[in-house]
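As you go down the protein sequences, you meet chains A and B in turn.
In this text, residue positions in the first sequence follow my numbering: the first is 13, and each later residue adds one.
In this text, residue positions in the second sequence follow my numbering: the first is 2, and each later residue adds one.
All C-beta atoms in this analysis are idealised placements derived from N, C-alpha and C, irrespective of residue type, glycine included.
Note that the structure is predicted; figures quoted are calculated from it, not measured.
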Amino acid sequence: MNRVVVALIAGSLFGAGLAFSGMADPQRVQSFLDLFGEWDPTLAFVMGGAMIPMAIAWVIQRRLEKPFADAHFSLPGTTGLDGKLALGSVLFGMGWGISGLCPGPALADLAIAPAKAAIVVLAMFAGMAAHRLSTR
Amino acid sequence: MPSFHNAMPVEGFLGGLMIGIAAAIMLLGLGRIAGVSGLAARATGLAESGAPRSVAIAFIVGLPLGALVVSLLTGGVATTFPSSPVPLIVGGLLVGFGTRLGSGCTSGHGVCGMSRLSPRSIMATAVFMVSGFATVAALRAGGLL
Numbered sequence: 013m014n015r016v017v018v019a020l021i022a023g024s025l026f027g028a029g030l031a032f033s034g035m036a037d038p039q040r041v042q043s044f045l046d047l048f049g050e051w052d053p054t055l056a057f058v059m060g061g062a063m064i065p066m067a068i069a070w071v072i073q074r075r076l077e078k079p080f081a082d083a084h085f086s087l088p089g090t091t092g093l094d095g096k097l098a099l100g101s102v103l104f105g106m107g108w109g110i111s112g113l114c115p116g117p118a119l120a121d122l123a124i125a126p127a128k129a130a131i132v133v134l135a136m137f138a139g140m141a142a143h144r145l146s147t148r
Numbered sequence: 002m003p004s005f006h007n008a009m010p011v012e013g014f015l016g017g018l019m020i021g022i023a024a025a026i027m028l029l030g031l032g033r034i035a036g037v038s039g040l041a042a043r044a045t046g047l048a049e050s051g052a053p054r055s056v057a058i059a060f061i062v063g064l065p066l067g068a069l070v071v072s073l074l075t076g077g078v079a080t081t082f083p084s085s086p087v088p089l090i091v092g093g094l095l096v097g098f099g100t101r102l103g104s105g106c107t108s109g110h111g112v113c114g115m116s117r118l119s120p121r122s123i124m125a126t127a128v129f130m131v132s133g134f135a136t137v138a139a140l141r142a143g144g145l146l
């Protein structure tokens, strides 16, 4: 099957899952991170649900020569802990806590709450652009 | 025992399965990690390497498309955003910069990397979770929540 079609199907199912699971709601996500408030454990169920198909997929992946719709696997390395990984994750966690949004829900929310989502998506791309400039 | 009366464990788990199947399609179909931050950067030309541009754009366009379908089928998806644009702007900037510096977010490191038992992703996920908990605790302590 065409790669673009596969990616569109995957992206749509991913976005549907975000909306169905409650993860499109920044307040619910922030409530998961709010251990000293009215804690909402929903995000843990989402992560648990998502891990199951992916754990199976990794087992299948190890037995495949190549993916079904592309010429080869293009996977990042898994080892090598460094300061960039740690600092980037600290900053991401801060932004996640402040807004209640990570990249997937922010983009999915363009269809649900476009005015608010557009602000966070534009800011997110500005942050990505700033990172790109900083690496030049 | 707290009641967690707002929690949606069933919807959360089922939605999580959908997310996991979507990520599995990317892995087994295209041989790639379904990392939203990386694909978003690639789709907008803000990353020099990664998935083909057309693949990245298709995945990113799919996100709101899928959410729209769920919204139409279920009679609307409830969201509550911060009322001020300030947390959206500050949060968005940090999310964008941080996910690029840290090479991933909740999807790439959290869902895909953790299920692969990748040491990098396990560390990244632990760090951004703790950072998120600490940030919200600080906001609460500062009366900003």
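Against chain A, a Cβ distance below 7 Å from Arg121(B) picks out Thr90, Thr91, Gly92, Leu93 and Leu97. If only uninterrupted alpha helix (DSSP H) runs of at least 4 residues are considered, those enclosed by the region 11-59 of chain B are 37-44. Not one beta carbon of chain A lies nearer than 9 Å to the beta carbon of Gly143(B).
Taking 9 Å as the cut-off, the Cβ atoms of Ser38(B) and Thr100(B) count as close. Shown here, Phe48(A) sits in coil according to DSSP, grouped into three states, outside any helix or strand. For Gly76(B), the nearest beta carbon of chain A is not closer than 9 Å to its own beta carbon. For the 9 Å CB-CB criterion, Arg15(A) and Ser55(B) form a contact. Buried is the label assigned to Ile90(B), since at least 16 other Cβ atoms lie within 10 Å of its Cβ. Ala52(B) has its alpha-carbon roughly 14 Å from the corresponding atom of Val17(A).
One Cα belongs to Asp94(A), the other to Pro88(A), and the distance between them is close to 15 Å.
Distance from the CA atom of Pro65(B) to the CA atom of Gly114(B), rounded to whole angstroms, is 24 Å.
With 16 or more other Cβ atoms from the protein chains shown falling within 10 Å of its own Cβ, Met66(A) counts as buried. A Cβ-Cβ distance of about 6 Å is found for the pair Gly29(A) and Ala23(B), placing them in contact under the 8 Å criterion. Here Cys114(A) has Trp108 as same chain residues with Cβ atoms under 7 Å from its own Cβ, once five neighbours each way along the sequence are excluded. Look at Ser116(B) here: in three-state DSSP terms it is helix. With a contact defined as Cβ atoms closer than 8 Å, Phe85(A) and Cys106(B) miss out at about 21 Å.
Linking Lys78(A) to Ile20(B) through their CA atoms gives a straight-line distance of about 22 Å. Relative to the Cα of Thr126(B), the nearest Cα in the group Gly111(B), Gly30(B), Ile58(B) and Gly103(B) belongs to Gly111(B).
In this structure, Ala68(B) is the residue among Gly32(B), Ala25(B), Ala68(B) and Val128(B) with its C-alpha nearest to the C-alpha of Gly34(A). Under the three-state reduction of DSSP output, Arg75(A) falls in the coil class, being neither helix nor strand.
Nearest neighbour of Val137(B) by Cα position, chosen from Gly23(A), Met106(A), Ile72(A) and Lys96(A), turns out to be Met106(A). Between Val11(B) and Ile68(A), the alpha-carbon positions lie close to 21 Å from each other. If you compare the alpha carbons of Ala120(A), Gly49(A), Gln42(A) and Pro38(A) with that of Ala142(B), the shortest gap goes to Gly49(A). For the pair Gly92(B) and Ser146(A), the CB atoms are not nearer than the 9 Å cut-off. Annotation for Ile90(B): the continuous alpha helix (DSSP H) segment containing it runs Pro86 to Leu102.
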